[in-house]
Amino acid sequence: MAVLRSFDAFAKPVEGTRTTTATGGVITVLATLAASVLFLSQLYLYIGGDVRHSLHLSESSTASALNLAIPDAGSEKIAASRSNHPVHQHVQRRRLNQIPLSVHLTFPHIRCSDIDYDHDGASKSSGRFERIHGRDAFRISTATPVEMATILGKSEAQKHRNSPGCTVRGTISVPRVGGSLSVTISGRAWKLAASLFQQELMSNAFDPTKIGQRPNARLPNCTHHIHSITFGEPFPPAVDPLRETTHVIDNDSGVALHNVAVRLVPTRYERPWRRARDTYQSSVVSHIVQPQTLAQARSTSLPGITIGYDFTPLAVHHVERRENLFVFLGSLVSIVGGVFVTVGLVTGCLVGGVSAAVSKKSD
Numbered sequence: 000m001a002v003l004r005s006f007d008a009f010a011k012p013v014e015g016t017r018t019t020t021a022t023g024g025v026i027t028v029l030a031t032l033a034a035s036v037l038f039l040s041q042l043y044l045y046i047g048g049d050v051r052h053s054l055h056l057s058e059s060s061t062a063s064a065l066n067l068a069i070p071d072a073g074s075e076k077i078a079a080s081r082s083n084h085p086v087h088q089h090v091q092r093r094r095l096n097q098i099p100l101s102v103h104l105t106f107p108h109i110r111c112s113d114i115d116y117d118h119d120g121a122s123k124s125s126g127r128f129e130r131i132h133g134r135d136a137f138r139i140s141t142a143t144p145v146e147m148a149t150i151l152g153k154s155e156a157q158k159h160r161n162s163p164g165c166t167v168r169g170t171i172s173v174p175r176v177g178g179s180l181s182v183t184i185s186g187r188a189w190k191l192a193a194s195l196f197q198q199e200l201m202s203n204a205f206d207p208t209k210i211g212q213r214p215n216a217r218l219p220n221c222t223h224h225i226h227s228i229t230f231g232e233p234f235p236p237a238v239d240p241l242r243e244t245t246h247v248i249d250n251d252s253g254v255a256l257h258n259v260a261v262r263l264v265p266t267r268y269e270r271p272w273r274r275a276r277d278t279y280q281s282s283v284v285s286h287i288v289q290p291q292t293l294a295q296a297r298s299t300s301l302p303g304i305t306i307g308y309d310f311t312p313l314a315v316h317h318v319e320r321r322e323n324l325f326v327f328l329g330s331l332v333s334i335v336g337g338v339f340v341t342v343g344l345v346t347g348c349l350v351g352g353v354s355a356a357v358s359k360k361s362d
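Have a look at this one:
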């Protein structure tokens, strides 16, 4: 025991030889507060972590390009062998370098029988959409009262309870190359409405030059609500611009084409103690193409909404990291010990200086 006592670096003062003062108590309280503030700030920085961004070239998509080159042969084989199990679909998308494209749209003034949709030229009316993506890829159903109230408001939705609109919802797998998706009025419904409108013009029952005059022939109102349109897995910290937005067509005819251009930025999302995720950020630009512009350009596009999307060649690497736990604990010990050591040194210097001055003055 005597040998161990010789190595003791923390010599204990004898009881009664150390005195306590009120000034020392105040200094100790201040030192404790300073150590606590530094401790909490260090803990906050550790929990918050450090965020770093970097840019690099995105991966090539050879399988997707081949699938686009022969859409019928390649895609129909996929549809024939696909399973409804989510795990199987995920494996298929990874193998073929594809991502899911999910759509949830509501047209409050258009019947479901008058709705058509297509992806890269494969439309529902032609049957190619079903052959490529499967029978249950997109579902068309009557808009629910909640959806109608969300778009039109409760009072206006009550007026349309006997003639509710239509909701399009579903998910398809698309290659990681540019493409387009359209949800529009069907060609049959548009021809019928256009012929009735043309008859009204020829009979001089409607003058399009008069502001505020509306045609008697019922043209389909293309007002729509985007509940959500997602490409792949969205990037969690970003705000999704294609979620819960209503686009009202307020011209005299109610007919227009909502053109949406989407640029997708592949983003690798890494967080501590979690697996890395391949997500996508989206930059969206949209505008409304009026019927006069469609007529002058002799466009073959039908009124509704068209989403054109493309992928940027650069990808973002978003990394949230934290410092090593042992480094963090070492920093905390250094902060607490350093505060009390520093305060003790400063206090010792001040007390020693004051004592020396007082003793010199008394001499």
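Just so it is clear: in the sequence shown, position 312 is 311 by numbering that gives the first Met the number 0, and no numbers are missing. Just so you know, even glycine gets a beta-carbon here, dropped at the ideal spot from N, CA and C.
Reduced DSSP secondary structure (H/G/I, E/B, other) of SER300: DSSP, read as helix, strand or coil, puts SER300 in coil.
Beta bridge counterpart(s) of ARG276 as assigned by DSSP: DSSP, once it has assigned bridges, lists TYR268 as partnering ARG276.
Range covered by the beta strand (DSSP E) that runs through PRO236: For PRO236, no beta strand (DSSP E) encloses it, and the DSSP letter there is neither H nor E.
ASP117, buried or exposed, once every other Cβ within 10 Å from all chains shown has been counted against 16: Looking at its Cβ environment, which holds 16 or more other Cβ atoms inside 10 Å, ASP117 is buried.
Inter-residue spacing [alpha-carbon to alpha-carbon] between SER227 and THR105: Straight through space, the alpha carbons of THR105 and SER227 are spaced by roughly 10 Å.
Spatial distance of LEU39 from LEU328 (CA atoms): Distance between the alpha carbons of LEU39 and LEU328 is about 13 Å.
Whether LEU218 touches ALA192 by CB criterion (9 Å): A contact, by the Cβ cut-off of 9 Å.
SER101 to ALA255 span [Cα, whole Å]: Rounded to the nearest angstrom, the gap between the Cα atoms of SER101 and ALA255 is 23 Å.
Which listed residue (ILE150, HIS55, ILE334, CYS221) has its alpha carbon closest to that of PRO290: The residue with the shortest Cα to Cα distance from PRO290 is CYS221.
Rounded C-alpha distance that separates ARG262 from PRO144: Looking at the two C-alpha atoms, the distance is approximately 33 Å.
Span separating the alpha-carbon of CYS165 from that of HIS224: When only Cα atoms are considered, CYS165 and HIS224 end up about 11 Å apart.
LEU241 to THR229 span [Cα, whole Å]: Near 7 Å, if we compare the C-alpha coordinates of THR229 and LEU241.
Extent of the continuous beta strand (DSSP E) to which PRO366 belongs: What is shown of the chain runs 0 to 362, which leaves residue 366 out entirely.
Whole-Å CB distance - GLU319 paired with GLU269, under 8 Å assumed: GLU269 and GLU319 do touch by the CB rule: their CB atoms are close to 7 Å apart, below 8 Å.
Where ALA260 falls: helix, strand or coil (DSSP): Strand, per DSSP.
Under 9 Å between C-beta atoms of ARG138 and GLY169: Against a cut-off of 9 Å, the Cβ pair of GLY169 and ARG138 comes out as a contact.
Given ASN161 as reference, the closest of VAL345, SER282, ILE109, HIS246 once Cα atoms are compared: Checked all of VAL345, SER282, ILE109, HIS246; the closest Cα to ASN161 is ILE109.
Close beta carbons around THR341, own chain, < 8 Å, minus the five adjacent residues each side: Same-chain partners within the cutoff: there are none.
Residues near GLN41 by beta carbon distance below 7 Å, same chain, minus five either side: Excluding sequence neighbours, GLN41 sits near SER330, LEU331, ILE334.
Host beta strand (DSSP E) of VAL50 (start-end): Segment 49-56, the beta strand (DSSP E) holding VAL50.
Three-state secondary structure (DSSP) of GLN41: Helix at GLN41.
Helix, strand or coil at VAL307 [DSSP, three-state]: In the sequence on display, residue 307 carries Gly and not Val. Three-state result, GLY307: strand.
Assigned secondary structure, GLN97 (DSSP; H/G/I helix, E/B strand, else coil): In the three-state scheme derived from DSSP, where H, G and I count as helix and E and B as strand, GLN97 is classed as strand.
Span of the beta strand (DSSP E), counted from its first residue to its last, around LEU218: No beta strand (DSSP E) holds LEU218; DSSP gives it neither H nor E.
Rounded straight-line distance, which links the Cα of VAL326 to that of GLY152: A straight line joining the alpha-carbon of GLY152 with that of VAL326 spans about 56 Å.
Inter-residue CB distance, THR245 and HIS317 (contact presumed, cutoff 8 Å): About 31 Å separates the two Cβ atoms, so there is no contact after all.
From PHE310, GLN295, PRO312, VAL288, residue whose alpha carbon lies closest to that of PRO302: Looking at the Cα atoms, VAL288 is the closest of the given residues.
CB contact flag (THR311, SER154, <9 Å): No Cβ-Cβ contact shorter than 9 Å links THR311 with SER154.
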